[in-house]
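Inspection log for the structure reproduced underneath, given as structure tokens.
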Amino acid sequence: MFSEDVIQQFGQQETPFYHYNLALLKKTLSACTQAAARYDFHVHYALKANFNPRVLEMIMQWGIGADCVSGNEVQKAAEVGFDRNKIVFAGVGKSDKEINQAIDLDIFCFNVESIQELTVIDSLAAAKGKKVRVAIRINPNVDAHTHHNITTGLEENKFGINSWELTDCIHVIQECDHVELVGIHFHVGSQITDMTVFKSLCVKVNEIHQWFEEHGFNLKVLNVGGGLGIDYHQPDEQPIADFESYFAVFNQFLERKPGQEVHFELGRALVAQSGNLVSRVLYVKHGIKKNFLILDAGMTELMRPMLYQAYHKIENLSKSESDFDAVKYDVVGPICESTDCFGKEVDLPVSERGDLIAIRTAGAYGEVMASGYNLRDTIRHFYTE
Ligand code: LLP
Numbered sequence: 031m032f033s034e035d036v037i038q039q040f041g042q043q044e045t046p047f048y049h050y051n052l053a054l055l056k057k058t059l060s061a062c063t064q065a066a067a068r069y070d071f072h073v074h075y076a077l078k079a080n081f082n083p084r085v086l087e088m089i090m091q092w093g094i095g096a097d098c099v100s101g102n103e104v105q106k107a108a109e110v111g112f113d114r115n116k117i118v119f120a121g122v123g124k125s126d127k128e129i130n131q132a133i134d135l136d137i138f139c140f141n142v143e144s145i146q147e148l149t150v151i152d153s154l155a156a157a158k159g160k161k162v163r164v165a166i167r168i169n170p171n172v173d174a175h176t177h178h179n180i181t182t183g184l185e186e187n188k189f190g191i192n193s194w195e196l197t198d199c200i201h202v203i204q205e206c207d208h209v210e211l212v213g214i215h216f217h218v219g220s221q222i223t224d225m226t227v228f229k230s231l232c233v234k235v236n237e238i239h240q241w242f243e244e245h246g247f248n249l250k251v252l253n254v255g256g257g258l259g260i261d262y263h264q265p266d267e268q269p270i271a272d273f274e275s276y277f278a279v280f281n282q283f284l285e286r287k288p289g290q291e292v293h294f295e296l297g298r299a300l301v302a303q304s305g306n307l308v309s310r311v312l313y314v315k316h317g318i319k320k321n322f323l324i325l326d327a328g329m330t331e332l333m334r335p336m337l338y339q340a341y342h343k344i345e346n347l348s349k350s351e352s353d354f355d356a357v358k359y360d361v362v363g364p365i366c367e368s369t370d371c372f373g374k375e376v377d378l379p380v381s382e383r384g385d386l387i388a389i390r391t392a393g394a395y396g397e398v399m400a401s402g403y404n405l406r407d408t409i410r411h412f413y414t415e
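Taking my numbering, the leading residue of the sequence shown gets 31, the next gets one more, and so forth.
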């Protein structure tokens, strides 16, 4: 829901642009940190969801840590001012350059995704005369029941180490003098709204944790990844993710030893609802069976609908929904690809050239996945506080 005033300000901007609602971001961060603090849980923000400088700056100010998946993200997190001792670095293909960079920055922990990577980190740390902290990313083989393109915790995924490799893994760790095993790390997938998935994850973590105990490892950290979903259908009614229920599940089902830390890596739930892609209608086309709204934003600005058939609520901000009979439009972009479609048969008021269109809940995996295909303009921004 945008106020008249905000819509008027949108109308003065060149489109398309990403609108960030920093007031909502602040409320979301407050809700998350309060809910996590109740159980003394540690939250890292997954930079991959959105690394817009204003967004990062605000998240950093809430004392949240950083979860990075590239050397550049690690560098960016450190530059923005995230506490280096709260930076974790995951990724199935970390290059030597990226590992060296992170060792030099003395980050908190590498989330290691293969046995071979362990030996590479060990030798690079040895060359610098350092000892680095690692957590083993283990594939829990828990089905996240989410879109197959964003499920990561199943055995057939490329991520993490499978449970049958753990014996080999600890033998290698025992031989690595320059790595210290501080924890175990998991991530089952993204956009998970069914809390029983997280309960299943806890059960798996408990089993694996137990296995490490039996093998003489006292783990300081249990990192359960991210994945908390949000409501794409009702951004105004449900602007803030259900952090309370989410953390309560882990508090109830995760077995924690005294002094042991529980870490989370939330991306989407922190930023998705605070971002909108705002665009204008360029043309309206009436076919025999279909009507098209052709926008000035396309898959180059927001790719999720095309890549994952993801739903994003589409609103015409220039018309009031009650004033007009709804028409079904295929809402498409200007890119030379037939897949460049934000939504098919979307109910909207009768729309015309120049109308402002908001594509909601675009704060996570929106701007960061933009491309310059068709030599498009770089992304523009507009912030409200
Ligand atoms: N930790 C790890 C190891 C991850 O792989 C991810 C996301 C996260 C944390 C953060 O997950 P979140 O809390 O945001 O669900 N581009 C896709 C989503 C890809 C998610 C990749 N991993 C999308 O637009 O839906």
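A virtual CB, placed ideally from N, CA and C, is assigned to each residue, including glycine.
The three-state secondary structure of E382, taken from DSSP, is coil. If only complete runs of 4 or more residues are kept, the region 276-337 shows the alpha helix (DSSP H) at 298-301, in order along the chain. Rounded to whole angstroms, the gap between the alpha carbons of G402 and F112 is 29 Å.
Closest by C-alpha distance to G305, out of A53, C232 and S193, is A53. Counting along the chain, L211 sits inside the beta strand (DSSP E) bounded by residues V209 to H215. Counting along the chain, the unbroken beta strand (DSSP E) around F412 starts and ends at H411 to T414. The alpha-carbon of L323 is positioned some 60 Å away from that of H201. In this structure, R298 has its beta carbon less than 6 Å from a heavy atom of the ligand LLP. CA-to-CA, the gap between L154 and K374 works out to about 51 Å. For D126, the enclosing alpha helix (DSSP H) covers residues D126 to D134. L249 counts as buried, since no fewer than 16 other beta carbons sit within 10 angstroms of its beta carbon. Secondary structure note for V85: its alpha helix (DSSP H) is the uninterrupted segment P83 to Q91.
In the DSSP assignment, G373 is bridged to V361. By the Cβ neighbour-count rule, D385 is buried, with 16 or more other Cβ atoms within 10 Å of its own. Residue side-chain check: E128 keeps its Cβ at 6 Å or more from all non-hydrogen atoms of the ligand LLP.
In this structure, H217 and G256 form a Cβ contact; the two beta carbons are roughly 6 Å apart against a cut-off of 8 Å. Counting only residues of its own chain and dropping the five nearest sequence neighbours on each side, A340 has a CB closer than 7 Å to the CB of R334. Sequence-distant Cβ neighbours of G101 in its own chain, meaning closer than 6 Å and more than five residues away, are E128 and Q131. Apart from sequence neighbours up to five positions away, no residue of its chain approaches Q42 with a beta-carbon distance below 6 Å. By the criterion of at least three beta-carbon pairs nearer than 8 Å, the region 157-176 is in contact with the region 134-147.
Not one heavy atom of the ligand LLP is found less than 6 Å from the C-beta of H293. Per the Cβ contact rule, the region 260-277 is not in contact with the region 232-249 (fewer than 3 Cβ pairs under 8 Å).
Of the residues assessed, K78 falls on the buried side of the cut-off, its CB having 16 or more other CB atoms within 10 angstroms. The secondary-structure analysis by DSSP pairs C139 across a beta bridge with V118.
Taking 8 Å as the upper bound for CB-CB distance, E331 and I409 are in contact here, some 7 Å apart. Collapsing the DSSP output to three states places V162 in a strand. Nearest C-alpha to A156 among H208, G190 and F189: H208. Around the Cβ of G121, a 10 Å sphere holds 16 or more other Cβ atoms; the residue is buried.
Counting along the chain, L252 sits inside the beta strand (DSSP E) bounded by residues V251 to N253.
V104 and R383 have their C-alpha atoms spaced approximately 43 Å apart. Sequence-distant Cβ neighbours of S348 in its own chain, meaning closer than 7 Å and more than five residues away, are D385 and L386.
Looking at the DSSP output, N346 bridges to I387. Under the DSSP assignment, G41 falls in the alpha helix (DSSP H) whose first and last residues are E34 to G41. Look at H74 here: in three-state DSSP terms it is strand. Counting only the Cα atoms, D266 lies some 28 Å from G95.
Judged by the Cβ position, R334 qualifies as a neighbour of the ligand LLP at the 6 Å threshold, a heavy atom of the ligand being closer than this.
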